Structure formats: C-alpha cells, structure tokens
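Step one of this worksheet: look at the structure below.
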Amino acid sequence: MAYITVFVALLIFLSEFVQSYDFIDNNRSAAGSNYVKLNLNLTVGVGAPNGQTREMIFVNGTFPGPNLIFDEGDEVEITVFNQMPKNTTIHWHGLEMKNTPWSDGVPGLTQTPIEPGERFVYRFTASTAGTYWYHSHSRMTMIDGLYGSIFARPSSQAPAPWHLISNETEDIKAMQRAAADPHLILISDWSRFTSEQYWETIKDTELEIFCVDSILLNGHGEIYCPPTGFLVNQTLPVMQSLMGNATVNDKGCLPFVPAVESIWLPLGHPERIPKHLQEGCVTSSGGVNLTINVDSREQKWINLNWIMASTFKMVQPSVDEHDMWIYEVDGSYVVPRKFQALSLSAGQRISAMVRLDKQPGDYTIRVPETGITQVMSAFGTLRYNNGNPSRSSRPHVQYGSLPAHGNVDIYSPWIPFTDNMPPFPAHDPLPQLADEEFLLSLGRVNSSWSYTMVGREMMPVDWDAYHPFLFYPNDPDSFNEQLVIRTHNGSWVDLIIQTATLHGDESAFTHILHKHGSKTWRIGLSQGIWNYSSVAEAMRLQPDAFSLDNPNWRYTWLTSFGEPMWMVLRYQVTNPGPWLFHCHFEIYLAGGMGMVILDGVDKWPPVPEEYRTHLDPSRPRRPPLAKNIRTFSWLEALRNKRTGFD
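In mature numbering (1 follows the signal peptide of the UniProt record, and there is no 0), the protein residues as written are -20 to -1, 1 to 626.
Laid out in structure tokens, this is it:
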C-alpha cells in the first residue's frame, strides 16, 4: 500500500512538473487555458554569463529565468520555492495585480519575505496583454540574476495599430503574426561582484559607483576592452564637459568628479574600491551571443520586444540598416513612430516592429550604454536566411551610442517631441482637476549614495518587512506623512515631481520612477522649478506644459539629467492596496529613494486567509518612524546586515 501511495504522489508531481515546464517553455497552444499553474525554484550556484565565474541566482536551473508566456485574461498561480541561503520576494513588473495586491511581491508592503526553504504562492490575473518581466524585490539582488521575461499574448479581437504602420493587407497580417510570437530580448547589466559586495563597496567608499563589466542580451555577453583612447573618443560631449580634464578609464567608467559625486566628493575613499570593480578591464566571453534567425522569404515583419532588466544602466538598442516602429511602451499600445535607435532605462519595455526587406546576410544588433554612466556596448546578430558572416552591415549608432550617420532618429525619453507617443486607442480626456495633489522633491541627502523621494526623508531599506502595510493599514507608520500617501477609492491623484532643487543635488542624475499597482498619465512636463500653489494655477500660467487630451500613459517615467525639471503624473485610484513608488535604479532604492502609496484606504481589500499564515505575530515590531525626522540613522544601523531582510 505504501508503494502505491508513493507511486501516485510521484505521478501527481510529474504531471504538475510537465504542465509547468511546457507552459514556461511556451509549448502551450495559442488558445491557452483559463487557469495556469507553474513552479519557480530559486537556487544559488556558480555561473559565468560573460566568461567571469561568480556566484549567482538561477531560476529553475536557468539564467535568466524562464520566459513566462500567458494569454490575456489567464488566471495564474505561481509557486516560488526559495532554496537560496537568503530570503527574497518576486515582483511581477508591469502587471497591475488588479484586486490581488498580496501578489505584488514587495516585502513590508504586500508580503513578508520568503525565507530559505519556504515557498510562497502568487495568484493573479494576466488582465492586460503586453510585455512584462519578473524580478527580485529585495535590496540589489537583481544584479545577482533573479529576473526573467513575461509576455501576455493579446486577444485577436483587440484593436491594434498596424494600419498606422502600413495600410497593405499583407503587412498587417504579417504584423499580427509577429505580435503574437515576439522575440523577447532581455537586457541586463552584469558585474563580477555580487549585490552584497557592490552595495558594501558603495557604503564603505562613500561614493556613487555605476561601473559594471558587461551588458547581457538574454543572459549572454562579453567583456570588451577597447583602447582607452577609443573610449575617450566615444564619450558623449556633454559627459566630457562634466568631467573637465578627467576621462573615462579602461572600462569606460566615469571618474569621480563633482558633477557625479556633488559636494560629498571630498568624503569619498576610492582607494577602498576592490580591484576590477571600477577599473582594470579583462576581456572574456560568455559563449554564443544573441542571434535572431529569420527567413525573409516567409516573414515580412518581426517583433522585437526589448525588456530592460538592468540594475542601473540605460541603453540604446538598434539594428544595423533597419528601422524600428515602436508600437508598445510598458505593455500598452501607442500611436506608432519610426526610429533607428531607442533609449531604454531600468524597468522599461519597448516593443518594435521591424520590416525584413534587406538582402540575405548578418546585421549587427548594437546595444550601447547611453553614455551617461559608462562607455560600453553589447552585440547580437539579426541573421537573414542563414546569413553571410563575412558581410559588414552599416551601423546607426557607434560603440558609445553616438549617431553613426546624419539620418538617425533616436527615441529619447528626455526629448518631449520624441517621447510623445500617446495611447492607442485614444483614452477619454482626463478631468480638469484632481481631487488631491502631492509635491515630491527628488534628490540626494546626507551623502553621495543616499536618496529621497520627498525632500528629506528616506525610506528604510528594511522598513518593517515582517509587518506589511497590506495587513496593518492603520498602524502608526501608515500615517507617516513624510513617506506615506493615503488616498480614497475613485479619487483622482496628481503626483508633482520636482528634481535638482536639494542642496548638493543641483546637478541631478536622471531617475526612473515606477509606481506599482497602476499606470499614470504624464499631464505636465517642464524644465525649471515648480513655483505654483496648485496644478490648476500651473495650467493657467503655463498652459503649453500641460495636456489632458490623450497624454502619454506609462508605468515608468524618466526625469531629465543635470538641471531642475518638474512633471505631473495623474492617476485614478481604482486598485486599492499598498503600492511602492520608487526609483528603479536599484542603488537609489537601496539608498532610500522610495515611498508608500496606500491607495483606496476606504475600500481596503480583504486578504485571503492563506496569506495571513505567513505572518509571525511573535516577531517584535519596530518602533514607528517619527514624523519629520531623518531616517538616515536607521539606514546606517543596518549597514552590517547582509543576508536579506530582518
């Protein structure tokens, strides 16, 4: 009898495993199913994605983690098994978690950390089609490898913008096919140093460090070590002007200068930086680079879905001799526009249609860093009809991201004209006024690596991770007006973002702002300082800076580089829950650049009992953060904790 029981259990396990494996590997039919179950097993091992051996994270034994392919509307159940020596959580970036905030994956907000040896079940609806990704949401562990791609196939009945790219019937059909079967290109930055080593170096040296070894494309890359003179010549003029007489080093990394470190530069200790982290380039290769094989005799268009899974890098992808029609940004259709290259920042996703109308051969895919933090690049290949490796293709951009010729249109989030890609189909006009407004001042405080979203206070990296706001929405910390916003269901909210006004941060670095739980419309944008008492006054005095008629709608927004600017983000509260609003540069979030938005406190969602079982009432509560005081001392007290959340 015991043998029969074991045999039956084994059959059940194998059945679930095969279902998950087939689903993850995209072997499921396009028709899909209503309910999808899969398992993700997290382990730590040794790998060398760019040829350098280091400890890293694997998901189901792979790096990056497996692609997760859903159909729009699927009910999804993902069980995460943590077999790592540290705790973690997983965030499903861009999926709105409508009515399921307990699956958003943010410790201290929506769940407790998943401890070593434990499991956590995430349940949600893939309610919107598009390109997304998943990643760890604990400290800087993304740079250790815990991430992967997500694609939710659109309904064939959904309106699509293909006719705005071409009115030819065959082109439209080809784009429909390409949209349902995209090439997912996951871009990430990679260092030979683990997240703990990197973060400890930043704190120990009191320096803001952006240097990595490689840009990876779908988990593979190389370390290129061009001559330093070449790297200097490839440096953006604007960056060279900020460096004065200094230059980039042999890894293409920026020197430590006032424009980067601000008034805290004299406090820095560059001599404490480990060898090879900031300089000391050593070439290596992680094997076969990205190659996309196409047959232009059968395919007229392909779909390149770029996913930026970086810790703090920004890149500028292009395909030699090809145009890219951007039609989807952050998972939603936009009015298409044609570019030869596009800028992509941490957390963003951009999907582009590419016409296959060139001669058979190999065309280089170039993915340089934008040059804002480092001069470096990654490369892949678009191979037509078995290719012609001996043929050299004509580039649109150079190694350091500069245009290679005079006819290069580059999508840039810093240029309002190129960044004007409103939703498709058009949204209804927004209301003239919001119900509530919140002014947020972004920047550095106290050191080169500590940041705030609200002018002074910093969000503690371990802010009561074991007592999540979802379960305690009325605790004292939830009324901290410096780090928490409370809204009512159905209300319209304006978030006014101001940069480069804090002492010591006048030459502000760009920030990538991401709100969990809902997208926002950017209704206002301008250089300068917000000197208005309300959004209504700003609209009256500066009308050209605003638009309520189908404005851009995103999950991720970039602030400008180097000078004061402001933007106004608007959303309607329709998804109650505790949502994180933060900068998606991991070092900035770890340094305090985040805050909590408790949306719909009057309609707080009841939490299923199974999620309450993860709470441990015996754990002592941290004392509430006092209002109007700096939280920097709390961050300092956590410097020696290196094994996850406490």
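We put the beta carbon where it would ideally sit given N, CA and C, even for glycine.
None of the values given here were measured: they were computed from a predicted structure.
Query raised in the report: When the Cα atoms are used, what is the spatial distance from residue 304 to residue 296?
Result: 12 Å
Query - CA-to-CA distance, residue 589 to residue 597, given in whole angstroms - result: 15 Å
Requested in this report: Any chance you could list the alpha helix (DSSP H) runs of at least 4 consecutive residues sitting entirely within the stretch 64 to 88, in chain order?
Outcome: none
Requested in this report: Ignore the nearest five residues each way along the sequence and tell me which others in residue 631's own chain have a CB closer than 8 Å to its CB.
Outcome: Only positions -20 to 626 of the chain appear in this structure, which leaves residue 631 out of reach.
Query - Beta-bridge partners of residue 169, as assigned by DSSP - result: 195
Query raised in the report: Among 98, 437, 321, which one has its Cα closest to the Cα of residue 377?
Result: 321
Report task. On a CA-only basis, which of 226, 410, 581, 272 is nearest residue 209? Give me that one, please. Result -> 226
Requested in this report: Tell me, to the nearest whole angstrom, how far the beta carbon of residue 91 is from that of residue 594; I am working on the premise that it is less than 8 Å.
Outcome: 7 Å
Query raised in the report: Do residue 560 and residue 89 have their CB atoms nearer than 8 Å?
Result: Yes, they are a contact pair.
Report task. Let me know the secondary structure DSSP gives residue 1 once reduced to three states. Result -> Confidence at residue 1 is low in this model, with a pLDDT of 33, below 50, so the placement of that residue should be treated as unreliable; the coordinate-derived value is given next. Helix.
Query - Exposure of residue 495, with buried meaning 16 or more beta-carbon neighbours within 10 Å - result: buried
Query raised in the report: Can residue 418 and residue 476 be called in contact, C-beta distance under 8 Å?
Result: For the pair residue 418 and residue 476, the CB atoms are nearer than the 8 Å cut-off.
Query raised in the report: With distances taken from CA atoms, which of 15, 130, 256 is nearest residue 70?
Result: 130
Query raised in the report: To which residues of the same chain is residue 570 closer than 7 Å at the C-beta, ignoring the five residues directly before and after it?
Result: 119, 120, 179, 441
Query raised in the report: Which one of 315, 251, 189 has the shortest CA to CA distance from residue 242?
Result: Sorting 315, 251, 189 by C-alpha distance to the C-alpha of residue 242 places 189 at the top.
Query raised in the report: Ordered along the chain, which non-local residues of its own chain (more than five positions away) have a Cβ less than 6 Å from that of residue 5?
Result: Legend: pLDDT at residue 5 = 40, less than 50; position of this residue unreliable, no value from coordinates given.
Report task. Just grab the DSSP bridge partners of residue 406 for me. Result -> Residue pairing by DSSP leaves residue 406 without any beta bridge partner.
Query raised in the report: To the nearest whole angstrom, what separates the beta carbons of residue 20 and residue 45, a pair I think is in contact under 8 Å?
Result: 7 Å
Requested in this report: Could you check if residue 565 is buried or exposed, using at least 16 other CB atoms within 10 Å of its CB as the buried criterion?
Outcome: Buried is the call here.
Query - 8 Å Cβ cutoff met for residue 547 and residue 508 - result: no
Requested in this report: Rank 445, 216, 83, 502 by C-alpha distance to the C-alpha of residue 232 and give the top, closest one.
Outcome: Ranking 445, 216, 83, 502 by Cα distance to residue 232 puts 216 first.
**Report entry** Stretch-stretch touch, CB-based, cutoff 8 Å, three pairs: the stretch 53 to 60 with the stretch 140 to 150
**Finding:** no
Query raised in the report: Do residue 203 and residue 262 come within 8 Å of each other at the CB atom, strictly closer than that value?
Result: yes
Query raised in the report: According to DSSP, is residue 478 helix, strand or coil?
Result: strand
Report task. Kindly examine the ligand GDP and report whether one of its heavy atoms sits closer than 7 Å to the Cβ of residue 96. Result -> With respect to small molecules bound, the structure shown includes none, and the ligand GDP cannot be examined in it.
Requested in this report: Quickly, what does DSSP pair residue 17 with across the bridge? List them, please.
Outcome: 57
Report task. Starting from the C-beta of residue 599, find all residues in its chain whose C-beta is less than 8 Å away, skip the five residues before and the five after it, and write them out in chain order. Result -> 446, 447
Requested in this report: Measure the Cβ-Cβ separation of residue 575 and residue 463 and say whether it is below 8 Å.
Outcome: A distance below 8 Å separates the beta carbons of residue 575 and residue 463.
Report task. For residue 567, count neighbouring Cβ atoms within 10 angstroms of its own Cβ and tell me buried if that reaches 16, exposed if not. Result -> buried
Query raised in the report: Within this structure, are the beta carbons of residue 331 and residue 364 separated by less than 8 Å?
Result: no
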